[in-house]
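Student:
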Amino acid sequence: MIFKAVIETCIIIFNIIRSVKLIVFEKNIVLMSIKTPSKELLKEWEEEDKEFREIRKKYADWNYINKQPPHIRAALIYFIEKGDRYVAAKIAGLTVEEFDEIRRKANIPVVI
Amino acid sequence: MQGVVDTCFIIDWAKYRRREILNNIFKLLLIHEETLAQIKSPKAVEYISQLLSRDIMRLYPWSSSEEEMYIKLRDEIAADPRIPALERPDILCLIIAYKTNSILLSENIGILRVTQFHPVYSKVRVWTSLEVLEQAVYKEVIKVNALEDFIKVVREYEIDTKHIFSRKRLKEVLERVEKWLRK
Chain F
1 MIFKAVIETC IIIFNIIRSV KLIVFEKNIV LMSIKTPSKE LLKEWEEEDK EFREIRKKYA
61 DWNYINKQPP HIRAALIYFI EKGDRYVAAK IAGLTVEEFD EIRRKANIPV VI
Chain U
1 MQGVVDTCFI IDWAKYRRRE ILNNIFKLLL IHEETLAQIK SPKAVEYISQ LLSRDIMRLY
61 PWSSSEEEMY IKLRDEIAAD PRIPALERPD ILCLIIAYKT NSILLSENIG ILRVTQFHPV
121 YSKVRVWTSL EVLEQAVYKE VIKVNALEDF IKVVREYEID TKHIFSRKRL KEVLERVEKW
181 LRK
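Residue numbers (my numbering), protein chains in the order written: chain F, 1 to 112; chain U, 1 to 183.
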């Protein structure tokens, strides 16, 4: 009688441990599949973006920028905002290198 | 040491007066043909063809399995507006670095950020030019006796390429270099 009760208790304990392990394991799988940045990281990026944008704005030669044809001006302004040379070059209809030469003339630094 | 170069990085280094540092640090630099196709200026083309002819640089043989990895990562990034936008050539470089366990040489903010949180691609080491210059000190590719010498090298890079390194990043690197100099 006592032996049967011990066995049943052991089975119950085993099943509880097994369930807990499964829950933890599945939770881990779920966590591993989350591929989004944390709130702290997003805040850090936001602050970094702001700092870098201010630096690009501060150094930019606005006189030169305002004299450019509309699509070049738009690309330079996009670059000041976002700091992405590749997309800015696409806006300007230029290669990355061609855009980079204009960026240098406009005195806009790459901030990294 | 093996590295993967992205377009903007190699364009900048073609303009840098101490560009030989790169081939003194890396035994092999990998480049995707789509990256190479974007290089047009005589100065950069000459620099890259020199690296290719000296077997320091090699074209990476892109495969269909890597194309699948590209599509997967592109979709993940596109689905989340909080993640900075990344263009195809940037993602290709990240995948090559991951597959070959190489150091990714890039100053693309989006790439740097993906490697800060992504469970798979956070394994990739990304060096900006600042980290390359830092490594050049440790490997004694550039002779530095005092921190001011290193700051001078960094300033030269900033002038030649019209870059500004963030105060935070520069402070961290200067602290590490200073510690190394004290040894």
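No residue lacks a Cβ here, since even glycine has one placed at the ideal position from N, Cα and C.
Just so you know, these numbers come straight off a predicted model, no measurement behind them.
(1) So, with DSSP's three-state summary, where would you put M69 (chain U)?
(2) Once you ignore the five residues that flank I109 (chain U) on each side, which residues in its own chain have a CB closer than 8 Å to its CB?
(3) When you check each C-beta in the stretch 139-155 of chain U against every C-beta of chain F, which residues fall closer than 8 Å?
(4) So L41 (chain F) is in the alpha helix (DSSP H); what residue range does that whole segment cover?
(5) Who are the neighbours of C8 (chain U) on chain F, taking C-beta pairs under 7 Å?
(6) Using beta carbons (cut-off 7 Å, strictly below), is R73 (chain F) in contact with chain U?
(7) So is R54 (chain U) in contact with chain F if we call contact Cβ pairs under 7 Å?
(8) So, helix, strand or coil for I77 (chain F), using DSSP?
(9) Hey, how far is the Cα of V24 (chain F) from the Cα of K43 (chain F)?
(10) CA-CA distance, L29 (chain U) and V110 (chain F)?
(11) At a CB-CB cut-off below 7 Å, which residues of chain F make contact with Q50 (chain U)?
(12) Is there at least one Cβ from chain F nearer than 7 Å to I95 (chain U)'s Cβ?
(13) With DSSP as the reference, label L31 (chain F) as helix, strand or coil.
(14) Is R103 (chain F) buried or exposed, if buried means 16 or more other CB atoms sit within 10 Å of its CB?
(15) How would you label D80 (chain U), buried or exposed, when you count the other beta carbons within 10 angstroms and need 16 or more for buried?
(16) Could you check how far apart the C-beta atoms of V124 (chain U) and L86 (chain U) are, in whole angstroms? I think they sit under 8 Å.
(17) What's the gap between the Cα of P61 (chain U) and the Cα of H32 (chain U)?
(18) Verify the CB distance criterion: does I111 (chain U) have a CB-CB separation below 7 Å to chain F?
(19) On a Cα-Cα basis, can you pick out the residue from F:N63, F:I72, F:E48 that is closest to R169 (chain U)?
(20) What residue range is occupied by the uninterrupted alpha helix (DSSP H) comprising I108 (chain F)?
(21) Starting from the Cα of E158 (chain U), find the closest Cα among U:Y16, U:I10, U:V4, U:F9 and give me that residue.
(22) Starting from the beta carbon of H32 (chain U), find every residue of chain F whose beta carbon is closer than 9 Å, and list them in chain order.
(23) When Cβ atoms are compared, which residues of the stretch 48-59 of chain F fall closer than 9 Å to chain U?
Tutor: According to the structure data:
(1) helix
(2) P84
(3) none
(4) 39-59
(5) R85, V96
(6) no
(7) no
(8) helix
(9) At V24 (chain F) the pLDDT is 45, less than 50, meaning the model places this residue with poor confidence; the figure from the coordinates comes in the next sentence. Spanning the two alpha carbons is a distance of roughly 29 Å.
(10) 23 Å
(11) The premise fails here: Q50 (chain U) is roughly 17 Å from chain F at the closest Cβ pair, so nothing lies under 7 Å.
(12) no
(13) Unreliable positioning characterises L31 (chain F) in this predicted model, as indicated by a pLDDT of 41, which lies under 50. A coordinate reading is not provided.
(14) buried
(15) exposed
(16) With a Cβ gap of about 13 Å, V124 (chain U) and L86 (chain U) do not count as contacting.
(17) 8 Å
(18) no
(19) F:E48
(20) No alpha helix (DSSP H) contains I108 (chain F), which DSSP labels as neither H nor E.
(21) U:Y16
(22) Per Cβ cutoff of 9 Å: no residues; H32 (chain U) is ~14 Å from chain F at best.
(23) E48, D49, E51, F52, I55, R56, Y59
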